[in-house]
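These notes are about the structure you will find just below.
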Amino acid sequence: MTVADRLKELGITLPKAAAPVASYQPLVVESGVVHLSGQLPFVNGALVTGRLGADVALEQGQDAARACGLMILAQLEAHGLLERVRQVVKLGVFVSSAPDFHDQPKVANGASDLMAEVFGDRGRHARSAVGVAVLPLNAAVEVDAIIALRD
Amino acid sequence: MTVADRLKELGITLPKAAAPVASYQPLVVESGVVHLSGQLPFVNGALVTGRLGADVALEQGQDAARACGLMILAQLEAHGLLERVRQVVKLGVFVSSAPDFHDQPKVANGASDLMAEVFGDRGRHARSAVGVAVLPLNAAVEVDAIIALRD
Amino acid sequence: MTVADRLKELGITLPKAAAPVASYQPLVVESGVVHLSGQLPFVNGALVTGRLGADVALEQGQDAARACGLMILAQLEAHGLLERVRQVVKLGVFVSSAPDFHDQPKVANGASDLMAEVFGDRGRHARSAVGVAVLPLNAAVEVDAIIALRD
Chain W
63 MTVADRLKEL GITLPKAAAP VASYQPLVVE SGVVHLSGQL PFVNGALVTG RLGADVALEQ
123 GQDAARACGL MILAQLEAHG LLERVRQVVK LGVFVSSAPD FHDQPKVANG ASDLMAEVFG
183 DRGRHARSAV GVAVLPLNAA VEVDAIIALR D
Chain H
63 MTVADRLKEL GITLPKAAAP VASYQPLVVE SGVVHLSGQL PFVNGALVTG RLGADVALEQ
123 GQDAARACGL MILAQLEAHG LLERVRQVVK LGVFVSSAPD FHDQPKVANG ASDLMAEVFG
183 DRGRHARSAV GVAVLPLNAA VEVDAIIALR D
Chain B
63 MTVADRLKEL GITLPKAAAP VASYQPLVVE SGVVHLSGQL PFVNGALVTG RLGADVALEQ
123 GQDAARACGL MILAQLEAHG LLERVRQVVK LGVFVSSAPD FHDQPKVANG ASDLMAEVFG
183 DRGRHARSAV GVAVLPLNAA VEVDAIIALR D
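Protein chains in written order, with this note's numbering: chain W, 63 to 213; chain H, 63 to 213; chain B, 63 to 213.
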């Protein structure tokens, strides 16, 4: 089954791949590994903004992390790499967090679960999840990724 | 000398490898390099919580960073990779920090010095250390790693 | 044209490569890829300190990010790697940020634009930019990097 078929089966439509908000690339392929820039959470074209533990609820944060994951897939698709995913190696999840919010792992699962749904075992990755003071454009979550490709 | 022998010589007993607190893997091996998920500091089975510069003293923070490093070693051992370490390449150290705490490098040395003690030159790594607003489960420190393996 | 020639053409003099402020290495080369430790912003030998959105203006922050980028180049030069850069793969940009500062991408461009100026297409990289609570020594910006080398 292709990844495109699997996405269809799951009822997932990928967003339009976002252009970088500054002078860098969405991704770079090096020695069979793609390094993806930090992706921000767009849901229905609107950026999910705010801070977990303050003005963003846990479920919204999980949706935001999933939206970052969908943007990772959209970037891969836009660069002809989606069907070449061999292994999701590492996700870096940055959660905009109030000082007393400690559920970054639950938020990050929004992105992690998506990878498992779409790629199965190939989607099972290492991960870091941390709470940061603030993110670009006041985004609630940012996710970057390292993904290994088939030839 | 094996790494196990060296640990014995140093009087180090590794903790039990912690299960991921969410839907990801403790580590992924890709092209001879292992990417380790962010590890949290367990000392005698209890998570070291709080914020450097507020309710966690510098020395406690260093112990916490060392505990994250020990958990990295425990994860490697649990996956049969400990004796295959060829080079510790990079540590990413996230320190839960009060806004006026600037000694993240000293905290991070808790993990860095451990790698040097255990692996000698093979343990000399690149590193980033930053102060973050808050960490999962209110952990004081989180450390992830990239480590190259022998065949 | 060598990188050294290009730097001369741009009127850029590299700073002295800073020694690590703790027990780690400025960089590690692994399988043709160099992992650089987080570099801090020294301008005319003085560390740029403070927080964007509070006591550091946007333009100062951009200069600080550029200074981090220059230090990356200085580290490469000090290790005989500057002329071997094949591709800047990924920059990780950590911006010390007040809670309502959202222009991390503009700050990070200080480093990204430098890479493009110096290396052209080889300098076009993936990037993550996040706002953190505080950085080592109260630095305004910290930048780490993954860079692929020619043989």
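Backbone N, C-alpha and C define an ideal beta-carbon position, used for all residues, glycine too.
Judged by pairs of C-beta atoms under 8 Å, the stretch 152-160 of chain W touches the stretch 183-193 of chain W, as three or more such pairs exist.
When secondary structure is reduced to three states using DSSP, H:F181 falls in the helix class.
Annotation: the continuous alpha helix (DSSP H) that includes H:K70 extends over 65-72. Among the CB atoms of chain H, none fall inside 8 Å of the CB of B:G131. Put simply, the stretch 87-104 of chain H does not touch the stretch 194-205 of chain W. Fewer than three CB pairs are less than 8 Å apart.
For the stretch 91-177 of chain W, the continuous alpha helix (DSSP H) assignments of 4+ residues that do not extend past its boundaries occur at 120-140, in sequence order. Comparing alpha carbon positions, the residue from B:L138, B:G172, B:L114, B:S99 closest to B:A160 is B:L114.
In the three-state DSSP reduction, B:L76 falls in the coil class, being neither helix nor strand. A direct Cα-to-Cα measurement between W:G131 and W:Q166 gives close to 15 Å.
Between H:V169 and H:V203, the C-beta gap is smaller than 8 Å, which places the two residues in contact. Cβ contact annotation for B:R184 (same chain, cutoff 7 Å, sequence separation greater than five): V147, R148, Q149, V150, in chain order. For W:G154, the C-beta contacts it makes with chain B under 7 Å involve S190, in order along the chain. The C-beta of B:V118 comes no closer than 8 Å to any C-beta of chain H. In the DSSP assignment, B:V205 falls within the unbroken beta strand (DSSP E) covering 203-211. In the DSSP annotation of this structure, the continuous segment of the beta strand (DSSP E) that includes B:S190 starts and ends at 188-194. Its Cα nearest to that of B:N106, the residue B:A80 stands out among B:A80, B:V118, B:F163, B:V96. Restricting attention to H:L199, H:R68, H:A84, H:Q124, the CA atom closest to the CA of H:S174 is found in H:Q124. Annotation: H:P77 has no Cβ neighbours in chain W at a cutoff of 8 Å; minimum Cβ distance is about 19 Å. By the Cβ neighbour-count rule, H:R128 is buried, with 16 or more other Cβ atoms within 10 Å of its own.
Using a CB distance below 7 Å, the part of the stretch 168-188 of chain B facing chain W consists of K168, A170, N171, S174, D175, A178, R186, H187, A188, ordered along the chain. Residue nearest to W:M177 within the set W:A140, W:A207, W:L109 is W:A207 (criterion: CA-CA distance). For H:V95, same chain residues with a beta-carbon under 8 Å away, outside a window of 5 residues either side, are V151, I208, I209, A210, L211 in chain order. Taking a Cβ-Cβ cut-off of 7 Å, the neighbours of H:A84 in chain W comprise P167, K168, A170, N171, S174, given in sequence order.
The beta carbon of B:Q101 sits closer than 6 Å to those of C130, M133, I134, V205, all from its chain and outside the five residues before and after it, given in chain order. One alpha carbon belongs to B:P198, the other to W:T64, and they sit about 46 Å apart. A Cβ-Cβ distance of about 13 Å is found for the pair W:A136 and W:P82, leaving them out of contact under the 8 Å criterion.
Straight through space, the alpha carbons of W:Y86 and W:E139 are spaced by roughly 18 Å. For the set B:R68, B:L143, B:G142, B:A108, the Cα lying nearest the Cα of B:N200 is the one of B:A108. Residues of chain H whose Cβ lies closer than 7 Å to the Cβ of W:G193 are, in chain order, V194, A195, V196, L197.
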